[in-house]
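Undergrad: Following my numbering, the numbering of the sequence shown begins with 5 at its first residue and continues without gaps. Glycine included, each C-beta is placed from N, C-alpha and C at the ideal position. The structure follows.
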Amino acid sequence: MIDTICCVLLGLIMAFFAYGHLTQPEETFEQLFGFPVESPLQAHFVAVLGGNFACISITLLGLGLFQPSSNARKFVLAGYAVLQYYNIMNQYRFPVKGEDDPPESMAEMPIPLLIILMSIALFGVLFGRTDGQRAELVRNKKKAQLYAKHAQKVSKKE
(Lines of atoms letter the chains of each structure in order from A; the text may use other names.)
(Lines give C-alpha, C1' and ligand atoms only; values in the text may rest on other atoms or scores of the structure.)
Protein backbone atom coordinates (compact mmCIF):
# COMPACT_ATOMS: atom_id res chain seq x y z
CA MET A 5 0.00 0.00 0.00
CA ILE A 6 2.83 2.40 0.83
CA ASP A 7 4.45 1.81 -2.56
CA THR A 8 1.10 2.51 -4.23
CA ILE A 9 0.72 5.82 -2.40
CA CYS A 10 4.30 6.83 -3.26
CA CYS A 11 3.77 6.01 -6.96
CA VAL A 12 0.55 8.01 -7.16
CA LEU A 13 2.00 10.96 -5.22
CA LEU A 14 5.12 11.14 -7.39
CA GLY A 15 2.98 10.70 -10.52
CA LEU A 16 0.83 13.68 -9.55
CA ILE A 17 3.88 15.82 -8.76
CA MET A 18 5.46 14.93 -12.10
CA ALA A 19 2.17 15.73 -13.89
CA PHE A 20 2.27 19.19 -12.32
CA PHE A 21 5.84 19.69 -13.58
CA ALA A 22 4.93 18.36 -17.04
CA TYR A 23 2.02 20.77 -17.36
CA GLY A 24 4.17 23.83 -16.61
CA HIS A 25 7.00 22.74 -18.86
CA LEU A 26 4.76 21.85 -21.80
CA THR A 27 2.30 24.74 -21.72
CA GLN A 28 4.62 27.64 -20.87
CA PRO A 29 8.24 26.70 -21.62
CA GLU A 30 9.43 30.33 -21.84
CA GLU A 31 7.92 31.35 -18.49
CA THR A 32 9.10 28.13 -16.85
CA PHE A 33 12.63 28.73 -18.13
CA GLU A 34 12.65 32.25 -16.70
CA GLN A 35 11.32 31.05 -13.33
CA LEU A 36 13.90 28.27 -13.13
CA PHE A 37 16.98 30.15 -14.25
CA GLY A 38 16.23 33.79 -13.52
CA PHE A 39 16.76 35.15 -17.03
CA PRO A 40 14.58 35.18 -20.15
CA VAL A 41 14.82 32.74 -23.02
CA GLU A 42 17.53 33.89 -25.41
CA SER A 43 17.15 31.14 -27.99
CA PRO A 44 14.28 28.97 -29.23
CA LEU A 45 16.50 26.01 -28.39
CA GLN A 46 16.23 26.81 -24.67
CA ALA A 47 12.42 26.75 -24.81
CA HIS A 48 12.65 23.54 -26.85
CA PHE A 49 14.70 21.82 -24.13
CA VAL A 50 12.23 22.88 -21.44
CA ALA A 51 9.36 21.47 -23.52
CA VAL A 52 11.27 18.21 -24.10
CA LEU A 53 11.76 17.93 -20.34
CA GLY A 54 8.01 18.44 -19.96
CA GLY A 55 7.37 15.56 -22.33
CA ASN A 56 9.70 13.35 -20.30
CA PHE A 57 7.96 14.42 -17.09
CA ALA A 58 4.61 13.51 -18.66
CA CYS A 59 5.87 10.01 -19.56
CA ILE A 60 7.25 9.49 -16.06
CA SER A 61 3.96 10.74 -14.59
CA ILE A 62 1.87 8.36 -16.70
CA THR A 63 4.14 5.45 -15.77
CA LEU A 64 4.00 6.18 -12.04
CA LEU A 65 0.24 6.79 -12.02
CA GLY A 66 -0.39 3.65 -14.07
CA LEU A 67 1.71 1.52 -11.77
CA GLY A 68 0.19 3.03 -8.66
CA LEU A 69 -3.41 2.68 -9.79
CA PHE A 70 -3.46 -0.45 -11.96
CA GLN A 71 -0.44 -2.67 -11.22
CA PRO A 72 -1.21 -5.43 -8.71
CA SER A 73 2.47 -6.32 -8.24
CA SER A 74 4.22 -4.53 -5.40
CA ASN A 75 7.55 -5.77 -6.72
CA ALA A 76 7.00 -3.91 -10.01
CA ARG A 77 6.11 -0.69 -8.18
CA LYS A 78 9.13 -1.00 -5.91
CA PHE A 79 11.41 -1.61 -8.90
CA VAL A 80 10.17 1.52 -10.69
CA LEU A 81 10.41 3.58 -7.48
CA ALA A 82 14.01 2.42 -7.07
CA GLY A 83 14.74 3.51 -10.64
CA TYR A 84 13.08 6.86 -9.96
CA ALA A 85 15.26 7.33 -6.86
CA VAL A 86 18.37 6.64 -8.96
CA LEU A 87 17.14 9.18 -11.54
CA GLN A 88 16.81 11.83 -8.83
CA TYR A 89 20.25 10.97 -7.47
CA TYR A 90 21.78 11.63 -10.89
CA ASN A 91 19.77 14.84 -11.19
CA ILE A 92 21.26 16.02 -7.88
CA MET A 93 24.78 15.11 -8.99
CA ASN A 94 24.31 16.95 -12.29
CA GLN A 95 23.28 20.10 -10.43
CA TYR A 96 26.80 20.18 -8.98
CA ARG A 97 28.70 18.92 -12.02
CA PHE A 98 27.05 21.33 -14.46
CA PRO A 99 25.93 24.47 -12.60
CA VAL A 100 23.27 26.60 -14.25
CA LYS A 101 25.46 29.71 -14.27
CA GLY A 102 28.55 27.89 -15.53
CA GLU A 103 31.62 26.43 -13.88
CA ASP A 104 32.93 29.90 -12.99
CA ASP A 105 30.00 30.41 -10.61
CA PRO A 106 29.47 27.12 -8.73
CA PRO A 107 26.58 26.90 -6.27
CA GLU A 108 27.34 28.06 -2.75
CA SER A 109 24.58 26.13 -1.05
CA MET A 110 21.92 23.55 -1.78
CA ALA A 111 19.22 26.22 -1.41
CA GLU A 112 20.33 27.92 -4.65
CA MET A 113 19.22 25.01 -6.77
CA PRO A 114 16.25 22.64 -6.89
CA ILE A 115 18.20 20.12 -4.83
CA PRO A 116 15.85 20.26 -1.80
CA LEU A 117 12.95 19.39 -4.10
CA LEU A 118 14.94 16.60 -5.75
CA ILE A 119 15.87 15.22 -2.32
CA ILE A 120 12.20 15.21 -1.31
CA LEU A 121 11.24 13.36 -4.51
CA MET A 122 14.06 10.86 -4.00
CA SER A 123 13.01 10.38 -0.36
CA ILE A 124 9.40 9.64 -1.32
CA ALA A 125 10.61 7.01 -3.80
CA LEU A 126 13.01 5.44 -1.29
CA PHE A 127 10.28 5.42 1.36
CA GLY A 128 8.08 3.41 -1.00
CA VAL A 129 10.92 1.01 -1.78
CA LEU A 130 11.94 0.46 1.83
CA PHE A 131 8.54 0.32 3.52
CA GLY A 132 6.30 -1.12 0.82
CA ARG A 133 5.47 -4.80 1.13
CA THR A 134 6.76 -7.28 -1.41
CA ASP A 135 4.42 -9.64 -3.24
CA GLY A 136 5.59 -12.47 -0.96
CA GLN A 137 4.75 -10.50 2.17
CA ARG A 138 1.33 -9.62 0.78
CA ALA A 139 0.65 -13.27 -0.05
CA GLU A 140 1.64 -14.27 3.48
CA LEU A 141 -0.81 -11.73 4.91
CA VAL A 142 -3.60 -13.19 2.79
CA ARG A 143 -2.73 -16.75 3.89
CA ASN A 144 -2.63 -15.67 7.52
CA LYS A 145 -5.98 -13.91 7.17
CA LYS A 146 -7.54 -17.05 5.70
CA LYS A 147 -6.07 -19.13 8.53
CA ALA A 148 -7.45 -16.67 11.06
CA GLN A 149 -10.91 -16.94 9.48
CA LEU A 150 -10.73 -20.75 9.62
CA TYR A 151 -9.69 -20.65 13.28
CA ALA A 152 -12.56 -18.25 14.04
CA LYS A 153 -15.08 -20.56 12.34
CA HIS A 154 -13.68 -23.54 14.24
CA ALA A 155 -13.87 -21.62 17.51
CA GLN A 156 -17.52 -20.76 16.83
CA LYS A 157 -18.34 -24.42 16.13
CA VAL A 158 -16.62 -25.51 19.33
CA SER A 159 -18.42 -22.88 21.40
CA LYS A 160 -21.80 -23.95 19.96
CA LYS A 161 -21.15 -27.59 20.95
CA GLU A 162 -20.50 -26.65 24.54
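1. Do residue 12 and residue 82 have their CB atoms nearer than 8 Å?
2. Does the structure place the segment 26 to 41 close enough to the segment 73 to 88 that three or more beta carbon pairs sit under 8 Å?
3. Please list, in chain order, all residues of the same chain as residue 46 whose beta carbon is under 7 Å from its beta carbon, the five residues on each side excluded.
4. Apart from the five residues on each side of it in sequence, which residues of its chain come closer than 6 Å, Cβ to Cβ, to residue 132?
5. Kindly indicate the opening and closing residues of the alpha helix (DSSP H) around residue 61.
6. Compute the beta-carbon to beta-carbon distance between residue 14 and residue 58, rounded to the nearest angstrom, for a pair I have assumed lies under 8 Å.
7. Which same chain residues, not among the five before or five after residue 117, have their C-beta less than 6 Å away from its C-beta?
8. Which residue comes first and which comes last in the alpha helix (DSSP H) that contains residue 97?
9. By a C-beta neighbour count over all protein chains shown, 10 Å radius and 16 as the cutoff for buried, is residue 150 buried or exposed?
TA: According to the structure data:
1. no
2. The answer is no - the segment 26 to 41 does not touch the segment 73 to 88, with fewer than three Cβ pairs under 8 Å.
3. 33.
4. 6, 7, 74 and 78
5. 44 to 70
6. Actually they do not touch by this definition, with Cβ atoms about 13 Å apart.
7. none
8. 74 to 97
9. exposed
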